[in-house]
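If you read the sequences in order, they're chains A and B. Start counting the first sequence at 1; every next residue gets the next number (my numbering). Start counting the second sequence at 1001; every next residue gets the next number (my numbering). Here a beta-carbon is modelled for each residue, glycine too, at the ideal position from N, C-alpha and C. Only one structure is covered here, and it is reproduced in the block below.
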Amino acid sequence: MQKILTRLLVAWLLLLVGGSAVAAAKPTPLKLNGQPVGFAFWGPEQRVYSYDDVALAAERRALFEEEGVEYLYGLYRVELHFRADGDVEEHELAVRHLLSRAAVNNHGNDEHWVDAFAETATIEQAYVLLPDGERVETDPNTLLVKADNDDDIFTDNFEIVVPFAGLRPGAATVLAVRTRHKSDSYPLPFSRTFTPQVMIPIERFEMRMTWDEGVTPPAWNTDFEKLDCRNTEPRQVDCQAEQIEPHPKDPDIVYSDTLPTLVVGEATTWPALARRMSSLVQTAYSEKQELKRDLEKLLEGATSPQERLARIHGFVSQEIRYLGLEHGLGGIIPRPTRLTFSRRFGDCKDKTTLFVDLARRAGFDAYPVLTSSNRKNLEKLLIPAAGYFDHMVACVRLPGVNGGEGRELCFDLTDPYSSSDTLSDWVQGAVRLKLTEATTAPDRLPGDRFTWALEVRTDFQLNADGSLDQKRTRRYGRANAAWLRGRLQPRSRKDRMKWLREDFEDDHYKGVELKSIDYQGIDDSASQAVITSTAHMAESFDPEDFRNFQSWESQLGSEVRWFRTENETHDYSFAGLTFRGETHYRLPETHRLVHEGAQIDFNSEFGSFRRRYRLQDRELVVVTEIDLPRGTIAAERIPSFNRFLDHVGDNARITFDVAVSTGL
Amino acid sequence: MTETTHEQAEGLGPPMAAASNARPWDLTAPWHPPMSLWRFSVLILLSLGCCLPLWILRLTEDLQAHRERGINPLWPSAGILLPLAGWLVWHSAVRRVAALGAEAGRGTVPQVWATSLFGIAVLALYHAALIGLFLPHDLIVGMAGLALFVAVALLPFPCLLLQRRINAYKMTLANPRWTSQPFKFAPGEISFLALVLALLGYVTYANTDFMSRTLARMEGQTLAAGQVVSGENGLYQLTLPNDGWVQVGTDEFYEGSDLSLYGPAEGTRLFVYIDCDGETIDQRVSFRRGRMRSSMGDLAIEERRVLLAESLVPVSYARYTGTRKGAQQTFWVATVAEEDFLVEVLGRIRGGEADQAAAEAFVRSLRLEEGVTSCKKS
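Rendered as structure tokens:
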């Protein structure tokens, strides 16, 4: 009996220990608001690294310290495995060296993003390695899961934040995450873009792609010359690069367009991708009779095609508010247009699909277009993949006159401030994939020659007592109008007037008495955005010694200089600016004009700046014209570009000489 | 009526009667006293040859007083200052002095023709210099001045040859009657000398600027069309549109200039200022406009600003034209400002349309040296 009891006790103990071991090996769900989640887990591996495994070579560390490098990647390794069931497993290992106190303070956390709908992520290693050999484990209870939501956009994206403990300067952090991309959740081909060169040094970058037997080999491509990729096994590609310098920083660059990348994805083609996405969009269009009456009501009284299009654009962009519910397939497939219409809200693809649906019903050749908010360089689309695109707009091809080619108009329906003839400046020139049967490859959205447009008419009455009366009308065009509407539309009338007064004061000396100011075309994007003002300026000049008068072209100096760039190594994408200023100076009866000022003809590769004068009656009219068209400014020409803008700004001053009228 | 030769006409030639009807010299008439050679030399040099008419006058009076009278001695006296006439007067004087000695048995002028030709050559240079002084071109005037100095330096030699003979002849006269004390300046001569010296002093004073300018032009570097000039700072370049420009010392016109040039047309100048204190185009153009107004009164001003093609630096081209009577001149001014310096090229332009166009082109040829962004103060 005792023997049996002993055996039972041993068996129970074995069961206890074994069960604990099994329990320990099973990943533990991380918690969000105290509740476990089903997409992020803590599942430490048995295998761990020591400091010696990841330590930097002495000469490299000395070099980094000499160069003032705060922190760097000692190793960044990714393994992608394309499974026969369609899922993709990704194993990411990041070893970072924090060399300074500042790096410890500012970069003591690491993070990993996970799409709760289509992915599961397991933290397999998260600890700190100290130079003395000590290893400080991360307490899984300190891991944070944060939802990536905004006021008007809600997604399945979550950020897992890993707060490393025991950090000191010289420590290394190790974070390994295994992610499973579930193919049954994601209706588009899988793709991932890696950046083997970033803004901090990477000592070693490794990438391994493998795939199960029978799986179509994944497509991959890179534009990073230093990355050496080769087939090392029949179903394996290995890439690696060492001692990767930081990519040069610049303030005005789109990193997606400039950082070297390695793109990996399920093999597909652009036409197939366009068809696939098009078929997903197709499901959203409403039945034939649906929305018919609503459309008729919307277009009531609109006769010309332009007016009909503007009505539809105005309705979708302004009366369907932006709200992105990007959960599940809602992040990819637009909702039925009927639903969007009735809800009066939707995200970019919901609004676009509604617009396309309505426009087609109104007889237009409209189609949705995938685009990107941060990519303008077609050459960076290294393989056909959906992952480049994060936005959707609509385009309409208008028939040409007399059998001509016609022209294409594109609309960003998430922008309630732009008029129907203006594509939002932030997507102008962006890469796009038209979702049409004829699509063969991506191209770029059209871009205005001048994204920013401003016309200013100012009338100055120079009074004999030295005072000045000013009447000014500013007409905002293109993206400038959208910018102004964006500032004013969300405000109350009272706050709008306050904003206008402050804006006026910014542009004028203290002591200028603002008599009146008002606006037009703020609430209706179809009409022109205009600000009018009148002001009185006492003691503007000394009437006893009045020989010269100076004033400044409205805001020109600051407006132009705003487009300066401090880029040093990267090209600069300039959106284009056009300005027309007409300033009338009515002289007092006591004086006559003796010199009108300098004619200006600044012509350069960047555009032109022109000033002319004419005298009509007792009125000097000064006309200033600036045309700086859209373009890419090569990095080596940026100093010249900046100087050109400075020269234009410097000559915003208008000056002329007067003398006492003879016979008085 | 007797036939006369051209020598008679000038009053220096021997009377025809001397050849056909030899009549003894009237040695009792008063003579101008002999003149010491050094005093004569001083007179010629100090008066820059202006005493020649007086000398010819005295010589003619001596000859006419002791022979038959010819034309008024004032004619040859004045003629000596003229080309051709002066040469004939000189040749006649040489021959008459030679004849005077020979006929009186008191010795003659050696190698009459050689002396005559030598004197004519020096006179020709002297006459050319006098004419050149009245021509409008600065450079010619400068060269004329040089020729005048050379001619005046040479003039005593032929004159002294004659004077020496005349003195020798007069010293052999027995109990001659002198118009004044021999070998001393007569009061009239002293007065004349004083007058001439005063006149020369005044002319010299009045033309100090002209003379220094002339001298500077002569010392300057003559430049050719297409040649590139730059100042001491090496900040800019100017390309000559035509020939005839002369680069002179930097401070030739105004102190603090970086470059100074005389133009081919009289009165045309080009000069350059540099500012290293961060002055802007607006500031300098405004300053210049004020200065122009204060010096020229009412102005017609045209200003245009463009970008220099290579550097995209703004440059102001301004034309200031004086409209007031007596101040009608044109200035072209090019002003360019880099980050740390400003270059201002001023062209004062006179002359015809071609000269104006060339000078304007010169001012407009202003270019900045590539890569230069700062300057040392000039």
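Start-to-end residues for the alpha helix (DSSP H) that takes in residue i
i          : result
Thr353(A)  : Cys348 to Arg361
Thr1115(B) : Val1112 to Gly1132
Thr473(A)  : Per DSSP, Thr473(A) belongs to no alpha helix (DSSP H); it is in the beta strand (DSSP E), Leu468 to Gly477.
Phe64(A)   : Ala58 to Glu67
Arg493(A)  : Arg493 to Asp507
Residues of its chain near residue i, where Cβ-Cβ distance is below 6 Å and the 5 sequence neighbours each way are ignored
i          : result
Leu130(A)  : Ala171
Gly1347(B) : Leu1270, Trp1332, Ala1359 and Val1363
Leu409(A)  : Val396
Ser573(A)  : Thr632
Arg204(A)  : Leu75 and Glu242
Asp469(A)  : Gln461 and His536
Leu1154(B) : Val1122
As assigned by DSSP and simplified to three states, the class of residue i
i          : result
Leu577(A)  : strand
Lys226(A)  : coil
Thr632(A)  : strand
Trp270(A)  : helix
Gly265(A)  : strand
Glu379(A)  : helix
Asn548(A)  : strand
Ser304(A)  : coil
Asp443(A)  : strand
Arg1367(B) : strand
Thr120(A)  : strand
Ala1300(B) : strand
Phe341(A)  : helix
Ala21(A)   : Residue placement at Ala21(A) is flagged as unreliable, the pLDDT there being 46, under the threshold of 50; a coordinate-derived value is accordingly withheld.
Lys434(A)  : strand
Pro1051(B) : The question names Pro, but residue 1051(B) in the sequence shown is Cys. It is coil, neither helix nor strand.
Asp238(A)  : strand
Asp1275(B) : strand
Asp657(A)  : strand
Gly426(A)  : Here the sequence assigns Trp to residue 426(A), which means Gly is not the residue at that position. Here Trp426(A) sits in coil by DSSP.
Beta bridge counterpart(s) of residue i as assigned by DSSP
i          : result
Pro29(A)   : Phe41(A)
Glu1338(B) : Beta-bridge pairing links Glu1338(B) to no other residue.
Ala147(A)  : Phe158(A)
Phe411(A)  : Ala394(A)
Trp1031(B) : Trp1178(B)
Pro1314(B) : Leu1307(B)
Leu1270(B) : Leu1261(B) and Gly1347(B)
Pro36(A)   : Lys31(A)
His112(A)  : Ile160(A)
Residue range of the unbroken beta strand (DSSP E) whose run includes residue i
i          : result
Val369(A)  : Asp365 to Thr371
Gln1247(B) : Trp1245 to Val1248
Phe164(A)  : Element bounds for Phe164(A): n/a, residue is neither H nor E.
Arg96(A)   : Val88 to Leu98
Ser516(A)  : Val512 to Gln520
Arg457(A)  : Trp452 to Leu462
8 Å CB neighbourhood of residue i in its chain, flanking five on each side removed
i          : result
Gly1297(B) : Gly1322, Thr1323, Arg1324 and Ala1327
Asp650(A)  : Gly557
Leu1160(B) : Leu1037, Phe1040 and Ser1041
Gln599(A)  : Arg611, Arg612 and Tyr613
Ser373(A)  : Asp390, His391, Trp426, Val427 and Ala430
Ala102(A)  : Glu70
Chain-order list of residues whose beta-carbon lies under 7 Å from that of residue i (same chain, five-residue window excluded)
i          : result
Arg1293(B) : Leu1299
Ser540(A)  : Gly466, Ser467 and Leu468
Cys1375(B) : Asn1233, Leu1235, Ile1274, Cys1276, Asp1340 and Phe1341
(request) Would you check if there are 3 or more beta carbon pairs closer than 8 Å linking the region 221-240 of chain A to the region 159-166 of chain A? (result) no
(request) Would you check if the region 1361-1371 of chain B and the region 1219-1238 of chain B touch, i.e. whether three or more CB-CB distances between them fall below 8 Å? (result) yes
(message) When you compare the region 1051-1060 of chain B with the region 1071-1083 of chain B, are there three or more beta-carbon pairs, one atom per stretch, that lie closer than 8 Å?
(response) yes
(message) Assess contact between the region 176-195 of chain A and the region 129-148 of chain A, defined as three or more Cβ pairs (one per stretch) separated by less than 8 Å. Is contact present?
(response) no
(message) For the region 322-334 of chain A against the region 344-354 of chain A, do three or more pairs of beta-carbon atoms, one drawn from each stretch, fall closer than 8 Å, so that the two count as touching?
(response) yes
(request) Check whether the region 85-100 of chain A touches the region 56-72 of chain A, counting contact only when three or more Cβ pairs, one atom from each stretch, lie closer than 8 Å. (result) yes
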